[in-house]
Each structure stands twice: as structure tokens, then as C-alpha cells.
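K.L.:
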Amino acid sequence: MKVFINKKIPETGITMLKEAGLEVTIPENNDLSEKELLQYFKNADVILNVGQNKYDKDFFEQFPNVKAIALFSVGFDHVDIKEATKRNIPIGNTPDVLSRATSDVAFLLMQSVSRRASFYFQKVKDGNWGNFDPLYELGQELYGKTLGVFGLGRIGFEMAEKCKNAFGMNIIYHNRNHNEEAEKQLDAKYVSFDELIAQSDVLSVHVNFKPEQSDLFNASVFEKMKKNAIFINTARGGFHNQKDLYEALISGQIWGAGLDVTNPEPIEDNDPILELSNVCVLPHIGSATVEARNGMARLAAENIIAFSKGEKMPHIANPEVYEV
Ligand code: DGY
Numbered sequence: 002m003k004v005f006i007n008k009k010i011p012e013t014g015i016t017m018l019k020e021a022g023l024e025v026t027i028p029e030n031n032d033l034s035e036k037e038l039l040q041y042f043k044n045a046d047v048i049l050n051v052g053q054n055k056y057d058k059d060f061f062e063q064f065p066n067v068k069a070i071a072l073f074s075v076g077f078d079h080v081d082i083k084e085a086t087k088r089n090i091p092i093g094n095t096p097d098v099l100s101r102a103t104s105d106v107a108f109l110l111m112q113s114v115s116r117r118a119s120f121y122f123q124k125v126k127d128g129n130w131g132n133f134d135p136l137y138e139l140g141q142e143l144y145g146k147t148l149g150v151f152g153l154g155r156i157g158f159e160m161a162e163k164c165k166n167a168f169g170m171n172i173i174y175h176n177r178n179h180n181e182e183a184e185k186q187l188d189a190k191y192v193s194f195d196e197l198i199a200q201s202d203v204l205s206v207h208v209n210f211k212p213e214q215s216d217l218f219n220a221s222v223f224e225k226m227k228k229n230a231i232f233i234n235t236a237r238g239g240f241h242n243q244k245d246l247y248e249a250l251i252s253g254q255i256w257g258a259g260l261d262v263t264n265p266e267p268i269e270d271n272d273p274i275l276e277l278s279n280v281c282v283l284p285h286i287g288s289a290t291v292e293a294r295n296g297m298a299r300l301a302a303e304n305i306i307a308f309s310k311g312e313k314m315p316h317i318a319n320p321e322v323y324e325v
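Residue numbers (our numbering): 2 to 325.
This is the structure in C-alpha cells:
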């Protein structure tokens, strides 16, 4: 079975695939042109996909040879899952192994914003240390404040646990379902979406993105948030309207924002949000640790190996393909 990996991944995953007797192709060049990519797709039975390439109806029609896709990500918003399922194409993903790393970034952003760390770091780098000023660009403390988690799954739970342990924060959340473990262990309280936005001092997004949730966090939501609120997004940039977010920040409707994902992504160099002292933007590095990336490589390889043996992918976005 021929496996095409579109970018180099940690060796552990490649070794697993080769030891399972699979024929693995990885291009030398990480930045393939569209034309080169199509050529590789044409010759693959299975794709191990790194990044946000779109897998939609057109793709599946153009490449009927592709029988399975193992994503090197937990998110699968770039795949038309319905279309893949209709064609019996399993789509593997990489949950759990990146929950700690991604929640670490949410926690890091929350602290960086609350103390304007990236703004001050930039000043130091610019040779502008500044004199002690009792009133200049003050931060805010997080002790005893309320963390609102939008989507309390694995990553949201890790974020909530850190906030509870570090700052004794109260946890409220909005989810499709109640998370009983979080309610028991973290005393987390389920609230409606409207209550979540009205009560959170820090609001952190941890939901799998669907197109119908585009711009969910927009002007009408920001205006209902607290004036001291910090908005954190480590999930997908599509969740927030970035212009509305900027307006909410400069008009003082909310206090700050920490983004590991932007809208659009990558962010434009001249986006005015980058100039604000109460904003920290990172380039989508949620899973960028050695541990998480090794775990992702392992899970993606496990998915492909299981598929090659005619078994169920153990980590899958569309388990319906196995329901007869
Ligand atoms: C994920 O795994 O979904 C990360 O956001 C990387 O795309």
C-alpha cells in the first residue's frame, strides 16, 4: 500500500509505517507546488496530511485512488467529512496527544495578555526599557476570576484544570453535553452561551470548528462581555471576526485578546490588532512541542497501519464509515 506524507514528520511515525511494510513517499521539499502535490496524490492509496489542505468533493472525485486519509491534526474542519463518509473513506485524526501542549498555549496567552508580556518584551527588544511608572500599561491579576470555557472537551479540561490550580479560578463552561468529570473534579458549572459570555473574565475557545460557527464571536457577542474580559482562541481563527475583535479592544468593550489562531490565517502583516499592548498573537503553535508532535506522528501511523490491515482506524473523525 502506497502512503504519501506531504511534509516531513517526526521519524517515529515514518519508522512505524516502514516497519509495517508500507511503501512511504515523502518529498524532499516541504513546500510543494500545486502541480507537484497533484502528482503525488495521483500515486497514493493513503495520504498522511500535514496542514490545512482541503479535502472536498472535488478532491475525492479527482483522486478516486485515495482510500483513506490520516490527518496530522486533531482538527478536521478542512475535510468534507460527509463526502468522505459517503465514499467510505476513513479520516483519521490525532486527539489527546496534543491536549496538554495546546492548553499550555491557551494558559500562556492568558498570562501573557493579562500582564502585557509580549508588548513589554517588544519594548525591551526595541531598546526602550522605560522608567518605572506607577500607572503605565498595567496588567490585571487572575486570582479568583472566572474562566469561561467554550467547549469543555479534552483541551478545555486541561486549560480549566491549570487555571483552577494556578489561580483558584472559578470554572464555567458551555458545551453540547455536560462534562461530569469537570463538574466533579473542577467544580465546573454548565451555563448557557449567553451566560458564558456575560460572566467570563477569561473566555477560552476549545471547540472543533464547523463552518456554521464562522464569526460566532462578533460585535454583538463582544459587546455583551465584561469590560475586563480576555478572549483566548487556540482553536480556529474562523470562530472570531477579527475586525470586530479589534473594535471591541480599542473601544474598551473587552480588555484583551490572546490568539494562537487568526482570521485570516496567517494574519496580515499590517493587521492593526498587532499594534495593541493587550494582545498576544502566536503563529498556530498549539501542538508545537517535541512530545505532542511525536505523539501525533505515532497516532497517524497507527491509523494507517490499522487501515492497511483492514482494521478500524483507532483515532477517527468519521467512525460512521465502519457502521454497516
Ligand atoms: C490541530 O491539531 O488541529 C492543530 O490545530 C494543528 O492544525
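Each residue gets a CB set at the ideal place from its N, CA and C atoms; glycine is no exception.
This one's a predicted model, so the numbers in the text were calculated from it and none came from an experiment.
Excluding sequence positions up to five away, which residues of its chain have a Cβ less than 8 Å from the Cβ of asparagine 89?
P.N.:
Position 88 of the sequence shown, counted from the first residue, corresponds to residue 89. Closer than 8 Å at Cβ, skipping near neighbours: Val322.
K.L.:
Taking only runs that begin and end inside the segment 115-182, name each unbroken alpha helix (DSSP H) of 4 or more residues, in chain order.
P.N.:
Listed in chain order, they are 118-126 and 155-168.
K.L.:
For isoleucine 10, does the three-state DSSP call read helix, strand or coil?
P.N.:
By 1-based counting over the sequence shown, the position of residue 10 is 9. Three-state DSSP puts isoleucine 10 in coil, outside helix and strand.
K.L.:
Using 8 Å for Cβ pairs, my map puts methionine 160 next to alanine 107. What's the rounded Cβ distance?
P.N.:
Here the question's residue 160 lines up with position 159 in the sequence shown. Here the question's residue 107 lines up with position 106 in the sequence shown. Between alanine 107 and methionine 160 the Cβ distance is about 5 Å, and since that is below 8 Å, they are a contact.
K.L.:
Quick one, which of Asn264, Val262, Ala230 and Thr16 has its alpha-carbon nearest leucine 250's?
P.N.:
Within the sequence shown, residue 250 is the residue found at index 249, counting from 1. Among Asn264, Val262, Ala230 and Thr16, the Cα nearest to that of leucine 250 belongs to Ala230.
K.L.:
Buried or exposed: tyrosine 174, going by 16 or more other Cβ atoms within 10 Å of its Cβ?
P.N.:
Taking the first residue of the sequence shown as position 1, residue 174 is located at position 173. Buried.
K.L.:
Give a single yes or no on whether glycine 76 has its beta carbon closer than 6 Å to a heavy atom of the ligand DGY.
P.N.:
Translated into positions along the sequence shown, residue 76 becomes position 75. Yes; taking the cut-off as 6 Å, the Cβ of glycine 76 has a heavy atom of the ligand DGY nearer than that.
K.L.:
Quick one: is the Cβ of serine 100 within less than 6 Å of any heavy atom of the ligand DGY?
P.N.:
The count along the sequence shown starts at 1 and reaches residue 100 at position 99. Not so, every heavy atom of the ligand DGY lies at least 6 Å from the Cβ.
K.L.:
What residue range is occupied by the uninterrupted beta strand (DSSP E) comprising phenylalanine 259?
P.N.:
Numbered from its first residue, the sequence shown carries residue 259 at position 258. Contrary to the premise, residue 259 reads as glycine rather than phenylalanine in this sequence. First-last of the beta strand (DSSP E) with glycine 259: 257-260.
K.L.:
Should phenylalanine 233 and glycine 259 be called a contact, given that it needs their Cβ atoms to be closer than 7 Å?
P.N.:
Locating residue 233 in the sequence shown gives position 232, counting from the first residue. Locating residue 259 in the sequence shown gives position 258, counting from the first residue. A small fix is needed here, since residue 233 is isoleucine in this sequence, not phenylalanine. Contact flag set, yes.
K.L.:
Tell me, to the nearest whole angstrom, how far the beta carbon of valine 280 is from that of glycine 257; I am working on the premise that it is less than 8 Å.
P.N.:
For the purposes of this step, residue 280 is identified with residue 279 of the sequence shown, where counting begins at 1. For the purposes of this step, residue 257 is identified with residue 256 of the sequence shown, where counting begins at 1. Going by Cβ atoms, the distance from valine 280 to glycine 257 rounds to 6 Å, so yes, they are a contact pair.
K.L.:
Would you say serine 193 touches the ligand DGY, meaning its beta carbon is less than 6 Å from a heavy atom?
P.N.:
Walking along the sequence shown from the start, residue 193 turns up at place 192. The ligand DGY has no heavy atom closer than 6 Å to the beta-carbon of serine 193.
K.L.:
Report buried or exposed for proline 273, applying the criterion of at least 16 other Cβ atoms within 10 angstroms of its Cβ.
P.N.:
Indexing the sequence shown from 1 puts residue 273 at position 272. Exposed: under 16 other Cβ atoms inside 10 Å.
K.L.:
Once the 5 residues before and after glutamate 303 are set aside, which same chain residues still bring their CB inside 6 Å of it?
P.N.:
Against the sequence shown, residue 303 aligns to sequence position 302. Here the set comprises Pro315.
K.L.:
Give the single residue among Leu18, Tyr41, Lys163 and Ser115 whose Cα lies nearest to the Cα of glycine 140.
P.N.:
The sequence position of residue 140 within the sequence shown is 139, counting from 1. For glycine 140, the nearest C-alpha among the options comes from Ser115.
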